[in-house]
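First the structure, in the form of structure tokens, and then the observations on it.
Right, here's the structure in full:
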């Protein structure tokens, strides 16, 4: 399998994005790291280049909802590193409440960030990959994409289901070409997003285990991967089959 040497990650200032950056750096990969919090990116880049002096780390401030900036930054990063071999569409948002309870603004922001902005990132990445006739696009969806979710997960799950369908469509479009497309669906993994959800999240994996599993799934370049594979792969089959009343109680 081709080694993807130059990797761009959005949402790289914390959580799974930061965890993946650390592991790819340790494996000797060059990185293009994007996020809104540039102070954290700068600190991460300095740490990674000190620990792994053979790699290059480029950073850029990026709000993925500023769609024109996505295209500009991706192109600039590709120029700085001499091309991009893999783009991980990871930036996301987990706000929202039950539909019809007065939280349209939060639900809209979640869908705009997780789906419309993901489209912009996929468009920008695929423009580069089509030009070079090579590359690996990774779309980070969520286990919540498997079926419609109740309560505060409804808009989030819908946005992630849309992102998964987007990746599936791109994969079908370039099938048979040297361009690979992967959809990664994490279950509950310890992060800033899960800590803000309040309460104890069931079956939550630690941040280190989650990041290890993410990198393993990305490197496998499988079309679809649940992360961590246990218990989320068998649970995906079970939860799809449950009656809605039982499903609602469980989630």
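Residue numbers (the working numbering): 3 to 253. Just so you know, even glycine gets a beta-carbon here, dropped at the ideal spot from N, CA and C. Here the structure is a predicted model, which is why all the values come from computation and not from measurement.
Contact annotation: residue 13 and residue 98 have beta-carbon atoms that are not nearer than 8 Å. Per DSSP, residue 228 is one residue of the beta strand (DSSP E) stretching across 226–229.
Within the model, the alpha-carbon separation for residue 77 versus residue 120 is close to 16 Å. Counting along the chain, residue 66 sits inside no alpha helix (DSSP H), nor does DSSP assign it H or E at all. Leaving aside the five residues that flank residue 51 on each side, the residues in its chain whose CB is nearer than 7 Å to its CB run, in chain order, 57 and 59.
Within the stretch 128–198, the complete beta strand (DSSP E) segments at least 3 residues long are 137–142 and 181–188, listed from N- to C-terminus.
Within the stretch 50–116, the runs of alpha helix (DSSP H) at least 4 residues long that lie entirely inside it are, in chain order, 69–83 and 106–113.
For residue 10, the enclosing beta strand (DSSP E) begins and ends at 8–12.
Between the C-alpha atoms of residue 30 and residue 138 there is a straight-line separation of about 17 Å. By the 16-neighbour rule on beta-carbons within 10 angstroms, residue 89 is buried.
Here residue 179 is exposed. Its C-beta has fewer than 16 other C-beta atoms within 10 Å. The residue among 109, 22 and 130 with its C-alpha nearest the C-alpha of residue 32 is 22. Restricting attention to 86, 40, 24 and 160, the CA atom closest to the CA of residue 131 is found in 86. Going by beta carbons, residue 110 and residue 241 fall outside the 8 Å limit.
Boundaries for residue 29: no beta strand (DSSP E) harbours it, and the DSSP string shows neither H nor E there. Between the stretch 219–234 and the stretch 167–185 there are three or more inter-stretch CB-CB distances shorter than 8 Å, so the stretches are counted as touching. In the structure shown, residue 35 falls within a strand segment according to DSSP collapsed to helix, strand and coil. In this structure, DSSP gives residue 235 a helical state, which the three-state scheme calls helix. Rounded to the nearest angstrom, the gap between the Cα atoms of residue 46 and residue 15 is 8 Å. In this structure, residue 11 sits away from residue 17, with a CB-CB distance that is not shorter than 8 Å. In terms of CA proximity to residue 96, 157 leads the group 142, 128, 157 and 49.
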